[in-house]
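Trainee: I have a structure I would like to understand better, so I am pasting it below and will then ask my questions one at a time.
Protein chains: 2
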Amino acid sequence: TLAAPAIAQSAPEIKWRLTSSFPKSLDTIYGGAEFFAKRVSDLTDGKFQIQVFAANEIVPGLQALDAVSNDTVEMCHTVSYYYVGKDPTFAIGASIPFGLNTRQQNAWLYMGGGNQLMDEFYAGYNVQGFPCGNTGAQMGGWFRKEIKTVADLKGLKMRIGGFAGTVMTKLGVVPQQIAGGDIYPALEKGTIDAAEWVGPYDDEKLGFVKVAPYYYYPGFWEGGPTVHAFVNIDKFNALPPAYKAAIESAAAYANTWMLAKYDIENPKALIRLHAQGAKVLPFSVEILTASFNAAEEVYKETSAKNPKFKKVYDSLVAYRGEADLWQQYADGTFDRFMSYLQQQKKV
Amino acid sequence: TLAAPAIAQSAPEIKWRLTSSFPKSLDTIYGGAEFFAKRVSDLTDGKFQIQVFAANEIVPGLQALDAVSNDTVEMCHTVSYYYVGKDPTFAIGASIPFGLNTRQQNAWLYMGGGNQLMDEFYAGYNVQGFPCGNTGAQMGGWFRKEIKTVADLKGLKMRIGGFAGTVMTKLGVVPQQIAGGDIYPALEKGTIDAAEWVGPYDDEKLGFVKVAPYYYYPGFWEGGPTVHAFVNIDKFNALPPAYKAAIESAAAYANTWMLAKYDIENPKALIRLHAQGAKVLPFSVEILTASFNAAEEVYKETSAKNPKFKKVYDSLVAYRGEADLWQQYADGTFDRFMSYLQQQKKV
């Protein structure tokens with residue numbers, strides 16, 4: 027069957043630009059945007075082309091959202107929590123300390139009302155969000171010396187951003203904002219004492235093991251952070267329906283792809299880092315508990331003065347209670363038994 | 027820009043039929059096929075229509091793959107392990123006892139070579155597979171009496187299928203093949219002693235709690251089972267590239283959607299089942315260990331006589347070792363600390 031003329035009008039040739047918050051060297055998190063753009067092209071017979079630009083090619087990485095808000099570019103690939111300076115509600119779309127793990131985050135966003143609630147909020151910035159990547163739970167970062175107690179955190183200069191930094195401030199940490207490329211020399215000179223980045227695969231590229239070998243886990247401030255594709259709302263609304271569908275489906279596929287790539291690469295990188303001398307250690311329960319209590323204070327204070335934050339936070343927290351109960355049954359015991367077998371070198 | 031005439035030819039009107047292995051009442055696992063078909067339609071401006079049929083509308087649920095192999099229908103939505111009677115290799119595409127959890131399964135399929143290896147195998151049945159749903163780790167099923175030791179499994183008549191049944195046979199279980207609708211009366215009469223189905227949300231619908239209240243976890247034979255969309259290879263190869271891309275992306279989105287829906291519904295259903303009198307209990311470490319040893323025997327025997335199985339199994343096992351190591355760090359400790367907070371009713 028040949029298509030009627032109306033069809034041709036529904037498949038216009040469109041070229042967009044996407045600005046990423048990441049450098050090309052981070053092939054998984056930056057690569058997620060390229061995977062996304064390739065799928066959109068494939069889904070539209072090459073008619074809808076989205077060209078991906080690395081951080082600083084058009085705007086600096088942390089201005090990606092602004093560039094979409096003000097229509098400098100049609101879309102970006104970034105992490106919502108980078109923009110907590112505008113409003114802490116941005117954090118919830120990505121990850122908040124002691125929030126959801128990756129599966130729970132996806133469940134809440136796609137089927138628990140999270141995407142709708144965040145889009146109501148994002149609309150105030152002229153953007154619509156699509157989950158478009160996830161790193162899995164991150165590591166807690168690299169420290170120049172051992173951190174055993176909450177007292178060891180006092181005065182610690184740590185490269186840690188946004189909402190997590192606010193929480194850590196309550197424990198005496200002095201948060202530092204430092205771009206990725208400047209972290210290594212700062213750690214080497216001792217200008218800072220610690221730095222969190224992502225996880226084994228990305229962290230290995232920056233060489234931290236040589237200057238700050240204590241590698242703590244988990245990164246309790248991001249148990250399953252979402253990377254978003256943000257689209258300028260007016261530009262999105264002007265698209266033909268099939269192109270809107272292409273953005274939505276390609277973003278969902280990229281969400282799965284990025285996590286899968288991290289889950290393949292991180293185990294190998296962790297093994298290599300261990301061989302290079304990384305001392306891989308868990309945060310103590312004392313530190314985790316104090317951090318949780320500090321986070322609860324921050325949530326209480328923020329909810330009291332910011333109704334937008336409270337609305338989305340309350341939805342996430344209601345789901346978290348149920349999800350953390352269920353997680354202990356089928357999935358949790360399966361994982362724990364497999365860990366037990368792994369420790370016995372049976373798998 | 028108006029499209030050139032060539033475009034019209036690349037967007038033909040196509041109508042396909044998809045046969046599901048599931049009844050409409052299972053709105054999540056059956057619903058995954060409807061979610062998929064809707065996205066394919068949206069992505070192609072309504073030109074590529076896939077009509078979804080429930081089990082038994084065209085062919086019985088367990089003949090879905092055959093109907094695609096022999097081109098009765100263009101595609102199906104089913105679980106690969108239903109077809110282990112043809113070849114045990116089918117099991118690996120979905121889930122094998124003590125195999126991968128959901129995240130690991132996706133990582134291995136999409137980025138660890140799993141999809142390619144399985145497609146080489148599926149090609150022998152004239153089909154190509156696309157991951158198109160996941161239930162998360164399943165529950166271990168409903169038992170009429172408590173099962174504390176391996177001795178309690180001896181002679182137990184249990185509704186459990188395929189490869190898992192083969193493994194359980196080594197522990198003295200007598201596997202029974204019973205269709206979903208016939209399980210309840212068999213449990214009620216005592217014709218069988220136990221039955222595994224899916225998880226809280228689906229299990230609740232069949233009312234098992236009234237006749238077999240001991241609800242064990244985890245379903246160690248499916249830590250993260252994939253539901254597949256299978257497409258007849260000749261039919262797939264004849265599609266325009268954008269329609270192939272639509273199938274691939276829509277399936278990946280449905281994979282995420284189904285898990286998200288289960289992750290929203292299962293916690294609520296577990297709480298309701300508990301209120302209805304379900305005695306929710308973990309399998310003992312003795313039972314899990316004996317089952318693991320039995321599974322290892324089956325894998326050894328199967329690998330020795332089936333090179334197709336061995337090739338795919340070896341790939342999965344190589345990844346499992348690394349993944350189960352990494353899983354214990356960032357994600358595992360994050361989840362365990364959240365469980366600890368949940369047990370203290372702090373989240």
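Sequence order for the protein chains is A and B. Just so you know, the UniProt record's numbering puts 277 at position 251 of the first sequence, and the rest follows in order with no gaps. Just so you know, the UniProt record's numbering puts 232 at position 206 of the second sequence, and the rest follows in order with no gaps. We put the CB at the ideal spot given by N, CA and C, even for glycine. Note that the structure is a prediction, hence the values are computed from the model and not measured.
Specify the secondary structure class of Y366/B as computed by DSSP and reduced to three states.
Mentor: In the second sequence, the residue the question calls residue 366/B occupies position 340. Residue state, collapsed to three classes: helix.
Trainee: So W352/B contacts chain A; which residues on that side make the cut at Cβ distance below 7 Å?
Mentor: The residue you call residue 352/B lines up with position 326 of the second sequence. N292, P293 and L296, listed in chain order.
Trainee: Please confirm if A278/B has its CB atom under 8 Å from at least one CB of chain A.
Mentor: Numbered from its first residue, the second sequence carries residue 278/B at position 252. True, the Cβ-Cβ gap to chain A drops below 8 Å.
Trainee: Going by DSSP, which residues form a beta bridge with F169/A?
Mentor: Taking the first residue of the first sequence as position 1, residue 169/A is located at position 143. Paired residues: A220/A and Y240/A.
Trainee: Given a limit of 8 Å on CB to CB distance, which residues of the segment 103-123 of chain B reach chain A?
Mentor: Residues passing the 8 Å Cβ filter: none.
Trainee: Taking 7 Å as the line, does the beta carbon of W352/B fall inside it for any heavy atom of the ligand GTP?
Mentor: With respect to small molecules bound, the structure shown includes none, and the ligand GTP cannot be examined in it.
Trainee: Going by DSSP, what residue range makes up the beta strand (DSSP E) through P226/B?
Mentor: The residue labelled residue 226/B in the question sits at position 200 within the second sequence. No beta strand (DSSP E) contains P226/B, which is instead part of the alpha helix (DSSP H) from P226 to L232.
Trainee: Does D340/A pass the burial test, meaning 16 or more other C-beta atoms within 10 Å, or should it be called exposed?
Mentor: Working through the first sequence from its first residue, we reach residue 340/A at position 314. So D340/A ends up on the exposed side.
Trainee: Quick check on the DSSP output: what are the complete beta strand (DSSP E) runs of length 3 or more inside the segment 95-131 of chain A, in order along the chain?
Mentor: As far as the segment 95-131 of chain A is concerned, its whole beta strand (DSSP E) runs of at least 3 residues are 101-104.
Trainee: For S341/B, does the three-state DSSP call read helix, strand or coil?
Mentor: The residue labelled residue 341/B in the question sits at position 315 within the second sequence. Helix at S341/B.
Trainee: Could one say the Cβ of N132/A lies closer than 8 Å to chain B's Cβ atoms, at least one of them?
Mentor: Taking the first residue of the first sequence as position 1, residue 132/A is located at position 106. Output row for N132/A: interface = yes.
Trainee: Let me make sure I understand the geometry here. Which of S310/B, W352/B and G57/B has the alpha-carbon closest to that of P226/A?
Mentor: Taking the first sequence and counting its residues from 1, the one referred to as residue 226/A is at position 200. For P226/A, the nearest C-alpha among the options comes from W352/B.
Trainee: Does the Cβ of D350/B have 16 or more other Cβ atoms within 10 Å, making it buried, or fewer, making it exposed?
Mentor: Along the second sequence, read from residue 1 onward, the residue named residue 350/B stands at position 324. D350/B comes out buried.
Trainee: Check whether the Cβ atoms of R252/B and A120/B lie closer than 8 Å to each other.
Mentor: Counted from its first residue, the second sequence places residue 252/B at position 226. Counted from its first residue, the second sequence places residue 120/B at position 94. Looking at the sequence provided, one finds Thr at residue 252/B rather than Arg. Yes.
Trainee: Taking the alpha-carbon positions, what's the S275/A to S46/B distance?
Mentor: One-based indexing of the first sequence puts residue 275/A at position 249. One-based indexing of the second sequence puts residue 46/B at position 20. C-alpha separation (whole angstroms): 22 Å.
Trainee: Short of 7 Å in beta carbon distance, which residues of its chain neighbour D107/B, apart from the five on each side in sequence? Order them along the chain.
Mentor: The residue labelled residue 107/B in the question sits at position 81 within the second sequence. In the sequence as presented, Asp is not what sits at residue 107/B; that position holds Tyr. Correct list, in chain order: F116, A117, A120, S121, G188 and F189.
Trainee: Going along chain B, which residues have a C-beta under 7 Å from D361/A?
Mentor: For this step, residue 361/A is matched to residue 335 along the first sequence. Here the neighbours are N127, Q353 and G358.
Trainee: So which residues on chain B does E348/A lean against when the C-beta distance must stay under 8 Å?
Mentor: Translated into positions along the first sequence, residue 348/A becomes position 322. The contacting residues are P293, K294 and I297.
Trainee: Within the 8 Å Cβ cut-off, does Q154/A reach chain B?
Mentor: As a position in the first sequence, residue 154/A is number 128, starting the count at 1. No, its Cβ sits nowhere closer than 8 Å to a Cβ of chain B.
Trainee: Give the list of continuous beta strand (DSSP E) stretches no shorter than 3 residues that lie fully inside the segment 55-95 of chain A.
Mentor: Fully enclosed beta strand (DSSP E) runs of 3 or longer: 74-79.
Trainee: Could you pull out every residue in the same chain whose Cβ sits closer than 6 Å to the Cβ of A80/A, ignoring the five residues on either side in sequence?
Mentor: The count along the first sequence starts at 1 and reaches residue 80/A at position 54. Contacts found: S46, P49 and K50.
Trainee: The alpha helix (DSSP H) spanning P157/B covers which residue range?
Mentor: Along the second sequence, read from residue 1 onward, the residue named residue 157/B stands at position 131. Taken as a continuous stretch (DSSP letters only), P157/B belongs to no alpha helix (DSSP H), being part of the beta strand (DSSP E) at V153 to N160.
Trainee: Taking only the alpha-carbon atoms, compute the straight-line gap between C158/B and V105/A and give it to the nearest angstrom.
Mentor: Along the second sequence, one-based indexing puts residue 158/B at 132. Along the first sequence, one-based indexing puts residue 105/A at 79. Those two C-alpha atoms are separated by around 27 Å.
Trainee: Contact criterion: CB-CB distance below 8 Å. Does G162/A meet it with respect to chain B?
Mentor: Here residue 162/A is taken as the residue at index 136 of the first sequence, counted from 1. Closer than 8 Å: yes.
Trainee: Among residues of its own chain, excluding the 5 on either side of K196/B, which ones have a beta-carbon nearer than 6 Å to its beta-carbon?
Mentor: Along the second sequence, read from residue 1 onward, the residue named residue 196/B stands at position 170. If we look at K196/B and ignore the five residues flanking it on each side, its Cβ neighbours are A320.
Trainee: When the Cα atoms are used, what is the spatial distance from A248/B to Y288/B?
Mentor: Position 222 of the second sequence, counted from the start, is the residue given in the question as residue 248/B. Position 262 of the second sequence, counted from the start, is the residue given in the question as residue 288/B. Per the sequence presented here, residue 248/B reads as Glu, with Ala not at that position. When rounded, the distance between both Cα atoms is 15 Å.
Trainee: Under a three-way DSSP split, which group does F318/A fall into?
Mentor: Start at 1 with the first residue of the first sequence, and residue 318/A comes out as number 292. Here F318/A sits in helix by DSSP.
Trainee: Specify the secondary structure class of I40/B as computed by DSSP and reduced to three states.
Mentor: Within the second sequence, numbered from 1, the residue matching residue 40/B stands at position 14. Here I40/B sits in strand by DSSP.
Trainee: Using the C-alpha atoms, what's the distance from V324/B back to F318/B?
Mentor: By 1-based counting over the second sequence, the position of residue 318/B is 292. By 1-based counting over the second sequence, the position of residue 324/B is 298. Rounded to whole angstroms, F318/B to V324/B spans 10 Å at the Cα level.
Trainee: Can you give the Cα-Cα distance for W42/B and N141/B, rounded to whole angstroms?
Mentor: Counting from 1 along the second sequence, the entry for residue 42/B is found at position 16. Counting from 1 along the second sequence, the entry for residue 141/B is found at position 115. Each residue's Cα considered, the two are about 23 Å apart.
Trainee: Does V257/A come within less than 8 Å of chain B when only Cβ atoms are used?
Mentor: Translated into the one-based positions of the first sequence, residue 257/A becomes position 231. Closer than 8 Å: no.
Trainee: Does the segment 327-345 of chain B touch the segment 265-283 of chain B, meaning 3 or more C-beta pairs lie closer than 8 Å?
Mentor: The segment 265-283 of chain B is not in contact with the segment 327-345 of chain B.
Trainee: Does the beta carbon of T252/B come closer than 8 Å to any beta carbon on chain A?
Mentor: Counting from one through the second sequence, the residue named residue 252/B turns up at place 226. Chain A contact via Cβ: absent.
Trainee: Examine the Cβ distances between the segment 159-175 of chain A and the segment 86-101 of chain A and report whether three or more of them are shorter than 8 Å.
Mentor: In short, these stretches do not touch, since the Cβ pair count stays below three.
Trainee: Can we say the segment 305-318 of chain A touches the segment 301-318 of chain B, given the rule of at least three CB pairs closer than 8 Å?
Mentor: These segments do not touch.
Trainee: Using a beta-carbon distance below 8 Å, is R65/A in contact with chain B?
Mentor: Here the question's residue 65/A lines up with position 39 in the first sequence. It does: the Cβ of R65/A has a partner Cβ on chain B nearer than 8 Å.
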